[in-house]
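Beneath this line is the structure, given in structure tokens, with notes to follow.
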Amino acid sequence: MPRILLRLVAALAFAAPLPAQFGFLHSDPRIETLSLHDDGPAEMDERRILVLPFDVLQAGEPAPPAFAPHLSDALAAWLVAADVVVPRSHTIAGVDAARALGFDFLVRGRMELYYQGGASALRTRISAELVDLREEPTVILWQGRKTARWRRRLPPEECLLYLASDFVADWLREKH
58 MPRILLRLVA
68 ALAFAAPLPA
78 QFGFLHSDPR
88 IETLSLHDDG
98 PAEMDERRIL
108 VLPFDVLQAG
118 EPAPPAFAPH
128 LSDALAAWLV
138 AADVVVPRSH
148 TIAGVDAARA
158 LGFDFLVRGR
168 MELYYQGGAS
178 ALRTRISAEL
188 VDLREEPTVI
198 LWQGRKTARW
208 RRRLPPEECL
218 LYLASDFVAD
228 WLREKH
């Protein structure tokens, strides 16, 4: 009897880390979406898209990384024929200026939270909206917030690119 109990304890000790290691217990990353407004899929391919630098509402040093370049990379990956522009600063102020420069879509938003807990944890919350400039008056196609949590040891840039791709998948109504 003690030998069976010892084998059972050894088997449980060996098997316990396996589900977490292979992602059976928790999805990683875990992204929660709060969609405040959604007009359905956006036809963004072969369009000019302006991604404004995201405001950062979190003070402190070091500053969180910029999210707009990651969103630009995700848009370029999903929409091969789109022209995606990210200015270095808020040089373009608003919808009218973006429309006057010939853009079809405007993406703007803010990073509300960015916390990196060592090498193995990252948490961020980002709000964004996708604005269709082709119609008069302008139409907000998608507005919402995503909160993402990672547990694995991934570089923050990879995590932010994954989150940006999740935004684009929502806008295009694609499975991610």
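Residue numbers (the working numbering): 58 to 233.
Note that CB positions come from ideal geometry on N, CA and C, so glycine has one too.
If you're wondering where the values come from, they're calculated on a predicted model, not measured in any experiment.
Per the C-alpha coordinates, the member of Asp161, Asp102, Ala178, Pro212 positioned closest to Val137 is Asp102. Residue range 162 to 173 is occupied by the beta strand (DSSP E) that includes Phe162, with no alpha helix (DSSP H) assigned at that position. At the C-beta level, Glu186 and Arg165 come within 8 Å of one another.
A straight-line Cα-Cα distance of about 8 Å links Val152 and Thr195.
If you look at Glu186, you'll find it in the beta strand (DSSP E) that goes 179 to 189. Between Leu198 and Phe160, the C-beta spacing is not below 8 Å. Nearest Cα to Arg182 within the set Pro119, Arg191, Phe224: Phe224.
In this model, Val188 and Pro213 are separated by some 27 Å (Cα to Cα). Note that the C-beta distance between Ala123 and Pro110 is below 8 Å. The C-beta distance from Ala99 to Trp228 rounds to 5 Å, short enough to fall under 8 Å.
DSSP, reduced to helix, strand and coil, places Leu136 outside both helices and strands of the structure shown, so it counts as coil. Annotation: the continuous beta strand (DSSP E) that includes Asp95 extends over 87 to 95. In this structure, DSSP gives Val143 a state outside helix and strand, which the three-state scheme calls coil. Judged by DSSP secondary structure, Leu107 falls within the beta strand (DSSP E) whose first and last residues are 105 to 108. Across the structure, Leu170 and Arg104 are spaced so that their CA atoms are roughly 31 Å apart. The Cβ atoms of Ala226 and Cys216 lie no closer than 8 Å to each other.
Counting C-beta atoms within 10 angstroms of its own C-beta, Leu114 has fewer than 16 neighbours from the protein chains shown and is therefore classed as exposed.
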